[in-house]
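J.: Here you go, one structure.
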């Protein structure tokens, strides 16, 4: 029934198609891209060529095809988005479920801490946390170097779990008082069992919604970081959507509009699509709407 | 109510201390203040470095160092920037003023239009107006501010200039270079684009909140009672509907300041607008501890302040909330 | 004979639903005389609430209403919004089931009553306030001047319903429609509320329409009863006559299904309420009626006289005499 509700959101269905297409495109990168990520389109002069036959979206400062770089870049960004979202949601769901279920001091402290954290300007906390993460030597094995993609994934994974925890906690709180939980308790189920077998499965809706918004958050976050020069510095000319968007800053003044417009458009399309999907998911799984006509 | 406020204020002191301590820790670990100082002043003598460490409370022992910093901060003896020994307060003061101006303008414009849009959408749910407003709001939220900032820059400044000779709105700074004194018109002209960018985000967010809140209210039973009293539809809407609909919106508003500031920071950077955002990015990039800590304190204090405002307005608006 | 204050003739209400048009009220005639308490009984879906929401003009715009509703000489169906607004709250009032959600949580009780007063009478703020306190006293709220300054959440359920009644009678309407006013309340409180309604009636001579599915409530206070099923009237009469010799099988079924002391088995009415998207032809009750015959599936039956009652059962004459539930 939720599926049917989801499908009734036309924008979301279109978005699913778009994302699916995009994913397919970038997975098949060596075939769909026309050039390598670091490959010049032609011999010099080749910088800042506007869109033309052998470079559909133009070239950048050293003559690389924007279209191909966009494909590889989106691949990296989607990876970052998905991987960090999985981390955030796993962490967040667990913490949120435990906090909501146990209540008491643990829950209280958790909530105040996350509230405070979330109240700070996003970029500030992101940058500060990023630096702290990068400076702690004992984290190095997990995160890798500060300019690596792995680092970014861990960063957003750690960043995003708080929002997810709140959502899951809210859901658990409302489920806690329902009869089936009481019934489970009455037959002596352990707390862990109740959380794992009853509460979490019934929170799938909000968790999925949280997942989509985490993906979007990470992708946009990565772009924001890259924009200010703090993004992943992958070697060999490898790029991410964020890096490409970051280059847009300089392109504006100089009039090489394709370098700004296409990456930005791509980002907007991805962000919009995922947001539509998340919104439709939220509507589809909203228990209030189950009340009927 | 007064007791509640006083108690909250009392609680905010330890909170302030704890949070600033955490910030202190984070900055020390993350930005390595001493190394930054040495990097910016490569010819600094050992004595100067030691003085820097002492004056900023950068002792090896974090706790000790924190309290040293705290003492200096409270007594007004703020250490100077690592670059050129600039005084902190004038720069911070200007940054605060600029950001306050930009933020207030954007917030006022944003909330005003956002609430109106939300009301208009809620009054005819599912209609064309509603769909338009909702979708626009959605797009507004999905597009990160730096993208819209770039797009506007492209459109209004660069291309406008190409097509019409001169740019409609300037793209950087508060006044044209070299300008002194106060000129309202010029100031507004320079503020136009950044305000627009931030306002868009605000309008998008608040129109959605208002729409959803008003829809909830319009469907509630007391609206039916109000109508059955035979009072005019306008009165029903304003006196009964709006007050109830505004309650959740106001609460979120005060707490949402953080995200508005986030958008501000990015926007300021793109438009080279010398506010708190630019201040932070520059000092953070340099690892300028003496500049950063006071900035952080201002931010933390504002966050706590707006949290308090949120709670108070919530209680003031909704008599069901009893503050113990 | 008392004059008629409310005359409903051939009222039809149709809703446009995603599954097609739903006719919730399929031709209802009803009279309310001045000062009487008319009980309107029926299951959920019988159309009893919708009939009176239509009378008040409180249905959403997607509802189509035809027929005639005359209140104190004025035709309400098709009247302009301005006309309707002047009638609502002044000549005609309605109270609803859940008193907590019916009151605006952010306004004081006294103000909510004053608002009702000042929208229809030319009173100053202080006069309205005084009158509001008087009204609170009439409905039995202790310390009314203190309570008037409080908010709805500070009242108990029964008290809130009294406040709702006070608001409804503030302008001395000719008719007060009470839609399931006691359903959300405890049994002991129910009795109190009914008593308040009776008191108000005596004092102001207001006609009251009491809509409910609870026959026990009807038995206590009603003068006359109108039984509805599937959007139409099926029986009408004075309370004593109806309880003593109900003529329509549905009414009999309702009365028989009331639990009674003594170890008798409960006798529910078999079957389920009809689907109003596609109601049964002819007499809608025939699918559940133990006396149904072919003739019942024919024309849509209307109320006809049958002794001192009015009934819509075409086989009323042929039915065995019913037991008395008096």
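Protein chains in written order, with my numbering: chain A, 1 to 293; chain B, 1001 to 1324; chain C, 2001 to 2326.
Quick reminder that beta carbons are idealized off the backbone N, C-alpha and C, glycines included.
Model, not experiment: these values are computed from the prediction.
When every heavy atom of the ligand GDP is checked, does at least one fall within less than 7 Å of the C-beta of residue 279 (chain A)?
T.: The ligand content of the structure shown is nil, which means the ligand GDP is not present either.
J.: In angstroms with no decimal places, state the Cα-to-Cα distance between residue 2183 (chain C) and residue 2105 (chain C).
T.: The sequence position of residue 2183 (chain C) within the third chain is 183, counting from 1. The sequence position of residue 2105 (chain C) within the third chain is 105, counting from 1. Spanning the two alpha carbons is a distance of roughly 21 Å.
J.: Going residue by residue through the region 2157–2199 of chain C, where are the continuous beta strand (DSSP E) segments of at least 3 residues, counting only ones entirely within it?
T.: Taken in chain order, the whole beta strand (DSSP E) runs of length 3 or more contained in the region 2157–2199 of chain C are 2175–2179.
J.: To the nearest angstrom, report how far apart residue 2190 (chain C) and residue 1222 (chain B) are at their CA atoms.
T.: Position 190 of the third chain, counted from the first residue, corresponds to residue 2190 (chain C). Position 222 of the second chain, counted from the first residue, corresponds to residue 1222 (chain B). Taking the straight line from one Cα to the other gives about 21 Å.
J.: Please list the terminal residues of the continuous alpha helix (DSSP H) segment that includes residue 1244 (chain B).
T.: Sequence index remark: in the second chain, residue 1244 (chain B) carries index 244 (1-based). First-last of the alpha helix (DSSP H) with residue 1244 (chain B): 1243–1255.
J.: For residue 2319 (chain C), report the span of its beta strand (DSSP E) as first-last.
T.: Within the third chain, numbered from 1, the residue matching residue 2319 (chain C) stands at position 319. Neither: residue 2319 (chain C) is in no beta strand (DSSP E) and is coded neither H nor E.
J.: In chain A, which residues lie with their C-beta within 8 Å of the C-beta of residue 1281 (chain B)?
T.: One-based indexing of the second chain puts residue 1281 (chain B) at position 281. Ordered by position in chain A, the residues that pass the 8 Å Cβ test against residue 1281 (chain B) are 228.
J.: Note down, in chain order, each residue of its chain lying with its Cβ closer than 6 Å to the Cβ of residue 91 (chain A), except the 5 sequence neighbours on either side.
T.: For the purposes of this step, residue 91 (chain A) is taken as residue 91 along the first chain, with counting starting at 1. For residue 91 (chain A), where only same-chain residues beyond five positions count, the Cβ hits under 6 Å are 161.
J.: Does DSSP classify residue 2004 (chain C) as helix, strand or coil?
T.: To locate residue 2004 (chain C), count along the third chain from 1; it is residue 4. Residue 2004 (chain C) falls in the strand class under three-state DSSP.
J.: Would you identify the three-state DSSP class for residue 2030 (chain C), choosing helix, strand or coil?
T.: Numbered from its first residue, the third chain carries residue 2030 (chain C) at position 30. Strand at residue 2030 (chain C).
J.: Do residue 2089 (chain C) and residue 1241 (chain B) come within 8 Å of each other at the CB atom, strictly closer than that value?
T.: Residue 1241 (chain B) sits at position 241 when you count from the first residue of the second chain. Residue 2089 (chain C) sits at position 89 when you count from the first residue of the third chain. It is not a contact, given that the beta carbons lie outside the stated cut-off.
J.: So what does residue 1049 (chain B) bridge to, in DSSP terms?
T.: As a working mapping, residue 1049 (chain B) is identified with position 49 in the second chain. Per DSSP, none; premise fails for residue 1049 (chain B).
J.: Once you ignore the five residues that flank residue 1066 (chain B) on each side, which residues in its own chain have a CB closer than 6 Å to its CB?
T.: Position 66 of the second chain, counted from the first residue, corresponds to residue 1066 (chain B). Contacts found: 1021 and 1024.
J.: Could one say the Cβ of residue 2151 (chain C) lies closer than 8 Å to chain B's Cβ atoms, at least one of them?
T.: Here the question's residue 2151 (chain C) lines up with position 151 in the third chain. Answer yes: the Cβ-Cβ gap between residue 2151 (chain C) and chain B drops below 8 Å somewhere.
J.: In the region 1092–1104 of chain B, which residues sit with their C-beta less than 9 Å from some C-beta in chain A, listed in chain order?
T.: none
J.: My output table needs one value for residue 293 (chain A): the three-state DSSP class, helix, strand or coil.
T.: Mapped onto the first chain, residue 293 (chain A) falls at position 293. Interpretation of residue 293 (chain A) is limited by its pLDDT of 30, a score under 50 that renders its predicted location unreliable; no figure is taken from the coordinates.
J.: So residue 2305 (chain C) is in the beta strand (DSSP E); what residue range does that whole segment cover?
T.: Mapped onto the third chain, residue 2305 (chain C) falls at position 305. Counting along the chain, the beta strand (DSSP E) containing residue 2305 (chain C) begins and ends at 2304–2306.
J.: With contact counted as at least three CB pairs below 8 Å, one residue from each stretch, are the region 214–231 of chain A and the region 182–199 of chain A in contact?
T.: Output reads no: the region 182–199 of chain A does not touch the region 214–231 of chain A.
J.: Is there at least one Cβ from chain A nearer than 8 Å to residue 1207 (chain B)'s Cβ?
T.: Within the second chain, the letter at position 207 stands for residue 1207 (chain B). Cβ-Cβ to chain A under 8 Å: no for residue 1207 (chain B).
J.: Out of A:266, A:285 and A:276, which one is the CA nearest neighbour of residue 73 (chain A)?
T.: Translated into the one-based positions of the first chain, residue 73 (chain A) becomes position 73. Out of A:266, A:285 and A:276, A:266 has the C-alpha closest to the C-alpha of residue 73 (chain A).
J.: Which residues does DSSP list as the beta-bridge partners of residue 2236 (chain C)?
T.: Along the third chain, read from residue 1 onward, the residue named residue 2236 (chain C) stands at position 236. Beta-bridge pairing links residue 2236 (chain C) to C:2226 and C:2310.
J.: Looking at C-alpha atoms only, which residue of C:2027, C:2163 and C:2316 is the closest neighbour of residue 2304 (chain C)?
T.: For the purposes of this step, residue 2304 (chain C) is identified with residue 304 of the third chain, where counting begins at 1. The shortest Cα separation from residue 2304 (chain C) among C:2027, C:2163 and C:2316 belongs to C:2316.
J.: Who are the neighbours of residue 1144 (chain B) on chain A, taking C-beta pairs under 8 Å?
T.: Here residue 1144 (chain B) corresponds to residue number 144 of the second chain, with the count starting at 1. Per Cβ cutoff of 8 Å: 220, 223, 224, 267 and 271.
J.: How many angstroms separate the CA atom of residue 1001 (chain B) from the CA atom of residue 2176 (chain C)?
T.: Residue 1001 (chain B) sits at position 1 when you count from the first residue of the second chain. Residue 2176 (chain C) sits at position 176 when you count from the first residue of the third chain. In this model, residue 1001 (chain B) and residue 2176 (chain C) are separated by some 41 Å (Cα to Cα).
J.: For residue 1120 (chain B) versus residue 1133 (chain B), is the C-beta spacing smaller than 8 Å?
T.: Taking the first residue of the second chain as position 1, residue 1120 (chain B) is located at position 120. Taking the first residue of the second chain as position 1, residue 1133 (chain B) is located at position 133. Cβ atoms of residue 1120 (chain B) and residue 1133 (chain B): closer than 8 Å.
J.: Using the beta-carbon count (16 or more within 10 Å), is residue 1197 (chain B) buried or exposed?
T.: As a working mapping, residue 1197 (chain B) is identified with position 197 in the second chain. Residue 1197 (chain B) should be labelled buried.
J.: What residues from chain A crowd round residue 1284 (chain B), counting only those whose CB sits closer than 7 Å?
T.: For the purposes of this step, residue 1284 (chain B) is identified with residue 284 of the second chain, where counting begins at 1. Simply 127.
J.: Answer yes if the region 93–113 of chain A comes into contact with the region 229–248 of chain A, meaning at least three C-beta pairs across the two stretches below 8 Å, and no otherwise.
T.: Touching, no.
J.: List the residues of chain A whose Cβ lies closer than 8 Å to the Cβ of residue 1303 (chain B), in chain order.
T.: Translated into positions along the second chain, residue 1303 (chain B) becomes position 303. Neighbours of residue 1303 (chain B) on chain A, chain order: 116, 119 and 120.
J.: If you run the structure through DSSP and keep just helix, strand and coil, what is residue 208 (chain A)?
T.: Within the first chain, numbered from 1, the residue matching residue 208 (chain A) stands at position 208. Residue 208 (chain A): helix per DSSP, three-state reduction.
J.: What are the start and end residues of the beta strand (DSSP E) that includes residue 84 (chain A)?
T.: On the first chain, residue 84 (chain A) is found 84 positions in, with the first residue counted as 1. Element bounds for residue 84 (chain A): not the beta strand (DSSP E) but the alpha helix (DSSP H), 66–102.
J.: Taking only the alpha-carbon atoms, compute the straight-line gap between residue 1047 (chain B) and residue 128 (chain A) and give it to the nearest angstrom.
T.: In the second chain, residue 1047 (chain B) corresponds to position 47, counting from 1. In the first chain, residue 128 (chain A) corresponds to position 128, counting from 1. Taking the straight line joining both Cα atoms gives about 29 Å.
J.: Just grab the DSSP bridge partners of residue 2069 (chain C) for me.
T.: Indexing the third chain from 1 puts residue 2069 (chain C) at position 69. Per DSSP, C:2008.
J.: Between C:2082, C:2034, C:2033 and C:2015, which lies nearest to residue 2026 (chain C) when the distance is taken from Cα to Cα?
T.: Here residue 2026 (chain C) refers to the residue found at position 26 when the third chain is read from its first residue. Closest by alpha carbon: C:2015.
J.: When you compare each of B:1281, B:1318 and B:1311 to residue 1005 (chain B) by their alpha carbons, which one comes out closest?
T.: Along the second chain, one-based indexing puts residue 1005 (chain B) at 5. Residue B:1311 is the option with its Cα nearest to residue 1005 (chain B).
J.: Can you give me, in chain order, the residues of the region 1108–1132 of chain B that have a beta carbon less than 8 Å from any beta carbon in chain C?
T.: none
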